[in-house]
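>
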C-alpha cells in the first residue's frame, strides 16, 4: 500500500515539472499544437482526412482554404467541440481528449461567427465565459474589453452591437484568462476594410507584444500573407502544403501576366529566353511562367527591342494554385 | 473546477430571459381569472357536488372556500403546467444550439458534464419556482376571496379534509407536484439535447404526456399492462396527499418511480450530450 502512494506522488511530481517546463520554456521549436492523422467523417463523406498540423510557440499560423474545405471542422476538433473519427489532437504535447480541462485552460478560441447571448450585456457575456474558465482576476474583463475597444459599450446588450463590434467581442472573449494560444476562425469575415485592418493589427499586437501564439483561419491568401508567419493550405479536407509563409510563397516559378505591345514581337523576344518555362496568349495579354527575380531583366530586354511594356502583374505559383482550387471549390458549390 | 459559478450564471441566463416569464405571466392571468369567475358564479358549483350528500348528511361550514378553489386549479398540473415547464426546459440546451452559443461555452476548461449539471439544476429550479408561484397565488388569492373551510374532494367517493389539516395537506400536495414536474422538466431537457431548436422539445414533451395520458385512461388490457411503465401514471402523485388517511406506501412508491424516471432521463441526456458533436 505505501508503495502505491509513493508511485502516485512521483507521477504527479513529474507532471508538474512537465507543465512548468511547457509554460516557460523559450525553445523556439516548442510545439504548441500538433495533430496526427486527424480526420472527421460525416455519414459517408470525409470532411477532414488525415490532417497533420504542427504549430510552434510564437508563430502566427495561417490556416488557409476555400469555403467548405474543412477549416471549421478541423478547428472544432482542435477545441473539443467535435470528436475526430480518426487520429487525435495534441496541445502542448499532451493529448487533448485525455487532458481536456487542463489544456483548454491555456487556450482561447473563437469558432465561426462570434455568437453571444444577445439579451445580455457584453460584460455579462464575458463573466459567463470567465466562470467557465474557473474565474479570472477582477481586472481581466475590463482589460479585454479595452483591447477590443468596447469599454464604453460594455454594459449595453450585445443585441445592439454591430457585426464588427461582435467580432471584436469575439476576440476579447478568446483573450480572457490570459491564454498562451488562441485559435481564431475567420476573425475578419464580414468586416468592412477598416474593421479588417483593426482586427489584423490587433492580431499582430497580440503576437508581438503579448507573445501569444495565434492560429488563424481564412479563405483569403492575402489575409494570411499579411499576418501569418507559417501556414497550411487545406482543400477538400486534405492538407495540401504546410510551411513558412515567405518560403512557400516565393518558391517555384511565378505566373506573370504582361500587357505588352505589339504582342507578336514580344512573343518572339520572350520565347527565346532560357528562364521562361511557359508562354501563353490570353486575349490581349501574355502569361509567362518564369522566376519572378528575372522580371526586371525581361522588361529591360523588351524595352531595348522597342516594345512597350504597359503592365506586368506577377502571381506566385502558390497564389496561382490557391486561386485555382478556390475557383474549383466555387464550381462545386454551385448547383448542378 | 466547481459547478457553483457556472450554475449562478445559468440561473442568471435563464431568469434574464423573457421566455422564462411566459409561465409566470400565464399563471398570474389564469389563477385570478378562474377564481374571480368562480366567485361571480357563486356557490352553484359546490351545490351540484354536494346535492347528493345533503340527502344523507348535514354539511356545516364554508365548503366553497380557498382550499377548494386551489384544489380545482391544481388540475392544471396535468397538461397546462407541463407545457409552461417545457417552454423553458426544452430551451435549455436547444436554445444554446440555436444561438450558436455552445461554441462559446464548450471550448472552455469546464467539462460538458459540469455544464450539463448546472443547466439541469437550473431547469429544476425553474420548475420549482413555477409550481411555488402557482401554489402561493392560488392559495393566497383563494383564501382572500373565499376564506377557509373544510376541503371537500369529489371523485369516485367524497373526501373531506378538516379545515385545520387542509393547508398542510395542500402544501404537501404542491411539494409532490414539484417532484412530478421535475420529471416533466427532465423529459423536456432530454429532448432539448437532441435538436437545435426549442420548438421540437416543447412539442415532443407535450405529445408524450398527452399520448401517455390517453393510453393510461383507455380501459384496454394491453394499455392497462403498459400503465406501470409510463411515467405519466405517477404524475398525479400529488393527489395522494389529499387521501384520508394518507397511503404513505403508495405515495412513496410513486415518488420513487418518478425519481427513477427523472434520473433515467438525466442519464440519457448526459450520455447524449457528452458525446455530441457540436455543429451548430
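Protein chains in written order, with our numbering: chain R, 1 to 336; chain P, 337 to 616.
For glycine and all other residues, C-beta sits at the position ideal for the given N, C-alpha and C.
If we cut at 7 angstroms on Cβ distances, does residue 64/R have a partner in chain P?
no
> Given a cut-off of 7 angstroms, decide if residue 426/P and residue 564/P are closer than it, judged by their beta-carbon atoms.
no
> Could you tell me whether the Cβ of residue 444/P comes closer than 7 angstroms to any Cβ of chain R?
With 7 angstroms as the cut-off, residue 444/P counts as an interface residue toward chain R.
> Whole angstroms are fine: how far does the CA of residue 100/R sit from the CA of residue 7/R?
Note that residue 7/R scores a pLDDT of 36, beneath 50, so its modelled location is shaky and nothing firm can be said.
> Mapping DSSP to helix, strand and coil, what is residue 236/R?
It is coil, neither helix nor strand.
> Of all the beta strand (DSSP E) runs that stay within the bounds of the region 146-213 of chain R, which reach a length of 3 or more residues?
181-185
> Can you pull out the residues from the region 112-128 of chain R whose beta carbon lies closer than 9 angstroms to at least one beta carbon of chain P?
112, 113, 114, 115, 116, 117, 118, 119, 120, 124, 125, 127 and 128
> Would a check of beta-carbon distances place residue 233/R closer than 7 angstroms to chain P?
no
> In angstroms, rounded to a whole number, what distance separates the CA positions of residue 114/R and residue 122/R?
When rounded, the separation of the alpha-carbon atoms in residue 114/R and residue 122/R is 12 angstroms.
> According to DSSP, is residue 285/R helix, strand or coil?
strand
> Under 9 angstroms between beta-carbons, which chain R residues line up against residue 649/P? List them in chain order, please.
Outside the shown range of chain P (337 to 616) lies residue 649/P, about which nothing can therefore be said.
> So with CB distances below 8 angstroms, who are the chain P contacts of residue 173/R?
440
> State the Cα-Cα distance for the pair residue 288/R and residue 244/R, rounded to the nearest angstrom.
26 angstroms
> With 16 as the cutoff for other CB atoms within 10 Å, does residue 296/R come out buried or exposed?
exposed
> Please list the partners that residue 131/R has in chain P, where partner means a Cβ-to-Cβ separation under 7 angstroms.
Scanning chain P for C-beta atoms nearer than 7 angstroms to the C-beta of residue 131/R yields 341, 342 and 345, reported in chain order.
> Quick one: grab the DSSP three-state call for residue 591/P.
In this structure, residue 591/P counts as helix in the three-state DSSP scheme.
> As a quick exercise: from 234/R, 239/R and 304/R, pick the residue whose alpha carbon is nearest that of residue 266/R.
Closest option to residue 266/R, judged by alpha-carbon separation, among 234/R, 239/R and 304/R: 304/R.
> Can you find a CB in chain P that lies within less than 7 angstroms of the CB of residue 109/R?
Interface residue, yes.
> Could you check whether residue 228/R and residue 62/R sit closer than 7 angstroms to each other, using their CB atoms as the reference points?
yes
> State the start and end residues of the unbroken alpha helix (DSSP H) segment that holds residue 554/P.
Where residue 554/P is concerned, there is no enclosing alpha helix (DSSP H), given that its DSSP letter is neither H nor E.
> According to DSSP, is residue 273/R helix, strand or coil?
Reduced to three states, the DSSP call for residue 273/R is coil.
> Nearest by alpha-carbon distance to residue 42/R: which of 53/R, 183/R, 51/R and 83/R is it?
Among 53/R, 183/R, 51/R and 83/R, the Cα nearest to that of residue 42/R is on 83/R.
> Run through chain R and tell me which residues come within less than 7 angstroms of residue 598/P, C-beta to C-beta.
Under the 7 angstroms cutoff, chain R gives no residues; its nearest Cβ is about 26 angstroms from residue 598/P.
> Taking 7 angstroms as the threshold (beta carbon to beta carbon), is residue 299/P in contact with chain R?
One cannot answer for residue 299/P here, as it falls past the ends of chain P, which runs 337 to 616.
> Specify, as a first and last residue, the run of the alpha helix (DSSP H) that residue 472/P falls within.
448-482
> Can you list the residues of chain P that residue 279/R reaches, using a CB-CB cut of under 9 angstroms?
Those within 9 angstroms of residue 279/R in chain P number zero; the least Cβ separation is about 48 angstroms.
> Please confirm whether residue 94/R and residue 180/R have their CB atoms less than 7 angstroms apart.
no
> If we cut at 7 angstroms on Cβ distances, does residue 101/R have a partner in chain P?
Chain P contact via Cβ: present.
> Cα separation between residue 164/R and residue 154/R?
14 angstroms
> Check each candidate in 34/R, 66/R, 68/R and 69/R and name the one with the smallest Cα separation from residue 52/R.
34/R
> May I ask you to verify whether the region 469-486 of chain P touches the region 350-368 of chain P, counting CB pairs closer than 8 angstroms and requiring at least 3?
yes
> Could you name the residues of the region 245-272 of chain R whose beta carbon sits closer than 8 angstroms to any beta carbon of chain P, in the order they occur along the chain?
none
> Confirm, please, whether the CB-CB distance from residue 474/P to residue 409/P is below 7 angstroms.
yes
> Would a check of beta-carbon distances place residue 447/P closer than 7 angstroms to chain R?
yes
> Sorted by chain position, which residues of the same chain lie with C-beta nearer than 6 angstroms to residue 526/P's C-beta, five sequence neighbours on each side aside?
601, 604 and 605
> Could you list which residues in chain P have their beta carbon closer than 8 angstroms to that of residue 104/R, in chain order?
443, 444 and 445
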